[in-house]
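As structure tokens, the structure follows; a few thoughts come after it.
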Amino acid sequence: MMGTRLLAAARLSSASQLMDSPHNNLKRGIGVFLTIVVVALSYAAGFLHGHHNLIFEQSFQPKIVSTEIAKPKEVDFSLFWNAWNKIEAQYVGEFDPQKAVYGAISGLVGSLKDPFSLYLTPDESKKFLDDLRGQFQGIGAELAVKNEKVVVVAPLEGSPAQKAGLKANDQIIKIDGQDIGLLTFGDVISKIRGPKGSTVTLTVLRDGKGEAKEVTIKREVIKINSVKLSIDQGIARFQIIQFGDDTTAEAQKAAEKIVASNPKGIILDLRNDPGGFLNAAVDVTSLFLDDKLIVSEQDKAHHLKAFKTTITPRLKDFKVVVLVNGGSASGSEIVAGALQDHHRAMLVGEKTFGKGSVQSLEDLPDGSTLRITIAKWLTPQGKQISGEGIKPDVELKLTEDDVKNGKDPQMEKAREILTHESN
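Going from the sequence shown to this note's numbering is simple: count from 1 and add 98.
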């Protein structure tokens, strides 16, 4: 997985996801969302590229082997080894050198203060790859770190998390009664992940405030279907659950059915869509736009890489309303941002999550992986997604009372707009 690219957040079961090409599956650009399906985390072989590699002899006395092309500026590594030696010589408990190395690398990545730059141990990396292959055991929710808090990006459609009442923007404060204040994000993921049939109780603050609420969730095998289509009263509801490796093919099939039924308009429902493969997001957008810029990638040197439409715009002549909320992130923000900037669709709902960065993903020699944010995504008009989100044209909340009463004012508004425009 050399030089893999991600867009993302993280799928809490050891996951990361948004790639350039689903045919290269686990090889190329993953756009991630730690998915606690628990789906969960992410990753790099170029890590100490040109600097130093840690190696261990059988006696496990660590030493530095220099492969440097250029030395880090004014970095005194003797401080690290001084601390290492003191801990090894004096610590009264058990000292595991390998765990210490993993902890040191995690601390290095943590110093970036970037919730999407992550380090995974070999075991976590294996679970991550297993999750990307399509089936997960867990609760079925996307998690991320936001303002140094662990929050739910979105429960996946039909997942145990959704059925139990977990909601986008819930802040997790306890797992099975244990305060998570001193836990790493990886620890949180590990504690939420578990075999089907078992349960986990999360204590959450709704929207990060108010009275704490306990949500008990029974873990299941999670199989995600990425596209749903229904046509009712002349309006097509085209829902993208996430941008998976089957999304392009499924979206094209849905587009054929839409064209055949010739509806008054299309409601593209991206609510609680946490993202996925970049190419799938670009392909779905391409169904609605003809020969247009969809998104640009801006790197550290402010160089721009443009991503334009790719496939036949089968749906370019249909009126479109896009539904978004705080659980719409990454790939879904790329789609929504492009359709809004090109005045192709009206956005209805709530401000999106604000996940718009690109990660480099590579393997380290021992099977562990490192993910580093290397670029930001910009909408066609140059607006930054990361940390900003996409503001809908019509802001309208879906409240808990609405859900309890079986109402969906956002969907109703979308239907109203399409019906009015078609008259």
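Ideal Cβ positions, reconstructed from N, Cα and C, are used throughout, including at glycine.
Those residues which DSSP pairs with residue i across a bridge
i, result
"Gln337", "Lys326, Asp367"
"Phe405", "Val393"
"Pro258", "Pro258 pairs with nothing; no bridge assigned."
"Met509", "The partner list for Met509 (beta bridge, DSSP) is empty, contrary to what the question assumes."
"Asp381", "DSSP lists no partner for Asp381."
"Thr450", "According to DSSP, Thr450 bridges with nothing at all."
"Asp277", "Lys272"
"Gln350", "DSSP, once it has assigned bridges, lists no residue as partnering Gln350."
"Thr314", "Thr299"
"Val492", "Val446"
Start and end residues, beta strand (DSSP E) containing residue i
i, result
"Leu218", "216-218"
"Gly425", "Premise fails: Gly425 is in no beta strand (DSSP E) and is neither H nor E."
"Asp461", "455-461"
"Ala473", "467-476"
"Val249", "247-253"
"Thr301", "297-303"
Residues of its chain near residue i, where Cβ-Cβ distance is below 6 Å and the 5 sequence neighbours each way are ignored
i, result
"Lys261", "none"
"Thr301", "Ile271, Lys272, Ala310, Glu312"
"Lys417", "Gly363, Leu516, Glu519"
"Ile203", "Tyr217"
"Val393", "Phe405, Ile432, Trp475"
"His147", "Note that His147 scores a pLDDT of 25, beneath 50, so its modelled location is shaky; the value from the coordinates is reported in the next line. Cβ within range, chain order: n/a, list empty."
"Lys211", "none"
C-beta contact flag for residue i and residue j at 9 Å
i, j, result
"Ser458", "Arg442", "no"
"Trp182", "Ala198", "yes"
"Ala334", "Ile356", "yes"
"Gly373", "Lys453", "yes"
"Leu494", "Glu431", "no"
"Trp475", "Ser484", "yes"
"Asp371", "Thr408", "no"
"Arg412", "Glu348", "no"
"Ala259", "Gly424", "no"
"Leu241", "Ile278", "no"
"Val243", "Pro213", "yes"
"Gln482", "Leu496", "no"
Sequence-distant residues of its chain with Cβ nearer than 7 Å to residue i (five each side left out)
i, result
"His121", "Any reading at His121 needs caution, since the residue's pLDDT is 31, under 50, leaving its predicted position unreliable; the model's value is listed next. Hits under 7 Å: none found."
"Ala352", "Val325, Leu327, Phe336"
"Ala434", "Leu368, Val420, Val422, Ser426, Leu445, Thr450, Ile488"
"Asp397", "Ile472, Ala473"
"Leu391", "Ala404, Lys406, Pro478"
"Lys247", "Gln269, Gly306"
"Gln156", "Low confidence applies to Gln156: its pLDDT is 30, below 50, so where it sits in the model is not reliable, and the reading given next is rough at best. None."
"Glu486", "Gly452"
"Val190", "none"
Contacts around residue i, its chain only, beta-carbon distance under 8 Å, and the 5 residues preceding and following it disregarded
i, result
"Leu264", "Ile237, Ala239, Val250, Pro253, Leu300, Val302, Val313, Ile315"
"Pro293", "Gln235, Arg317"
"Leu437", "Leu366, Thr383, Phe386, Leu387, Val418, Val420, Ala443, Leu445"
"Ile185", "Phe193, Ala198"
"Pro361", "Ile329, Gly332, Ile333, Ala334, Phe416"
"Gln276", "Lys289"
"Thr346", "Pro120, Asn377, Ala378, Asp381, Val382, Ile409"
Extent of the continuous alpha helix (DSSP H) to which residue i belongs
i, result
"Gly208", "195-208"
"Gln331", "Per DSSP, Gln331 belongs to no alpha helix (DSSP H) and is neither H nor E."
"Val190", "Careful: Val190 lies outside any alpha helix (DSSP H) and carries neither H nor E."
"Thr497", "Run containing Thr497: none; DSSP gives neither H nor E here."
"Ile531", "As displayed, the chain neither begins before 99 nor continues past 521, which places residue 531 out of reach and without an answer."
"Glu486", "No alpha helix (DSSP H) holds Glu486; DSSP gives it neither H nor E."
"Leu437", "429-439"
> Any chance the stretch 321-335 sits against the stretch 285-297, with 3 or more Cβ pairs inside 8 Å?
Replying inline: no
> Okay, do the stretch 333-349 and the stretch 366-382 touch, 3+ Cβ pairs below 8 Å being the bar?
Replying inline: Touching, yes, given that three or more Cβ pairs across the two stretches are closer than 8 Å.
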